[in-house]
Amino acid sequence: SASTSAAIGSEWNQDTLQQRLQGLIDNARESWTYAIFWQSSGVDYTAPSVLGWGDGYYKGEVNKPKTVESVTSLAEQEHRKKVLRELNSLISGSHSQENETIDEEVTDTEWFFLISMTQSFVNGHGLPGQAMFSNQPVWITGRDRLSVSHCERARQGQVFGIQTIVCLPSSNGVVELGSTELIFQSLDLINQVKVLFNFGNSPPDL
Amino acid sequence: DLPLSRKKSLRRFLEKRKERQVAKSPYAY
Chain A
19 SASTSAAIGS EWNQDTLQQR LQGLIDNARE SWTYAIFWQS SGVDYTAPSV LGWGDGYYKG
79 EVNKPKTVES VTSLAEQEHR KKVLRELNSL ISGSHSQENE TIDEEVTDTE WFFLISMTQS
139 FVNGHGLPGQ AMFSNQPVWI TGRDRLSVSH CERARQGQVF GIQTIVCLPS SNGVVELGST
199 ELIFQSLDLI NQVKVLFNFG NSPPDL
Chain B
216 DLPLSRKKSL RRFLEKRKER QVAKSPYAY
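Top line first, the protein sequences correspond to chains A and B.
Sequential numbering from 19 applies to the first sequence in the numbering used here.
Sequential numbering from 216 applies to the second sequence in the numbering used here.
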């Protein structure tokens, strides 16, 4: 929205956002699989603000070479590859059959990251919406805890192999981190997000 | 049509995916 764009300012374009997300998890001690910035639609007193896709960085499961057989069915894999081919054609303009990058299996976490791009959350709802509304971190570790969460996104993440989901509020949005590993609350990470995603000030050097 | 921010994110995701696959390829050196 115009208000969000104005608040973020020219220094905080999507490339800058990408650098922050990438820096956050590439330099972290923990092994995060992805990072997403959910961007707030801004303050509009006639309607609740909505958190939508701002940008994301998918790192993958670096410590887990693919040794475990995937549980996804052949039909599900074909569906995922078809969607990826279509998206690739949409982006590159090339014919899907010519693209060799889709041959490889689309992992559960890749798929979870991709479908995240279609999601949005009203302030107060869903994991990112709750973090935004309460202005408090939401940190869920463990498949058991994710599977019983009242938030659809937590349950969905668990289904796709995520074991830890964290939503950290910042100015103008929420930073979400996910991992296939068990990661317990880190004050260091919370503080880093506060510094890196404080849009009220100029972006700090990484 | 996709919003620009998602197009950029998707392009990055697909490029990185290709890089990871090339790195895993037995022909990579």
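Where a beta carbon is used, it is the ideal one built from N, C-alpha and C, also for glycine.
Around the Cβ of Phe-202(A), a 10 Å sphere holds fewer than 16 other Cβ atoms; the residue is exposed. Within the region 128-155 of chain A, those residues whose Cβ lies closer than 8 angstroms to any Cβ of chain B are, in chain order, Glu-128, Phe-131, Leu-132 and Met-135. By a beta-carbon distance limit of 8 angstroms, Ile-109(A) contacts Lys-222(B). Their separation comes to about 6 angstroms. Contact between the region 149-156 of chain A and the region 122-136 of chain A is not established, with fewer than three Cβ pairs separated by less than 8 angstroms. Under the Cβ distance rule, Ser-110(A) counts among the residues neighbouring chain B, one pair being separated by less than 9 angstroms.
In the three-state scheme derived from DSSP, where H, G and I count as helix and E and B as strand, Leu-205(A) is classed as helix. Neighbourhood of Leu-105(A) in chain B, by CB distance below 7 angstroms: Leu-225, in chain order. Here the region 45-60 of chain A makes contact with the region 183-203 of chain A; the two share three or more CB pairs at distances below 8 angstroms. At a cut-off of 9 angstroms between beta carbons, Gln-36(A) contacts chain B. Listed in chain order, the alpha helix (DSSP H) elements of length 4 or more contained wholly in the region 97-172 of chain A are 126-134, 144-152 and 161-165. Between Glu-122(A) and chain B, the shortest Cβ-Cβ separation is below 9 angstroms. Under the Cβ criterion (8 angstroms, minimum of three pairs), the region 90-100 of chain A does not count as touching the region 164-180 of chain A.
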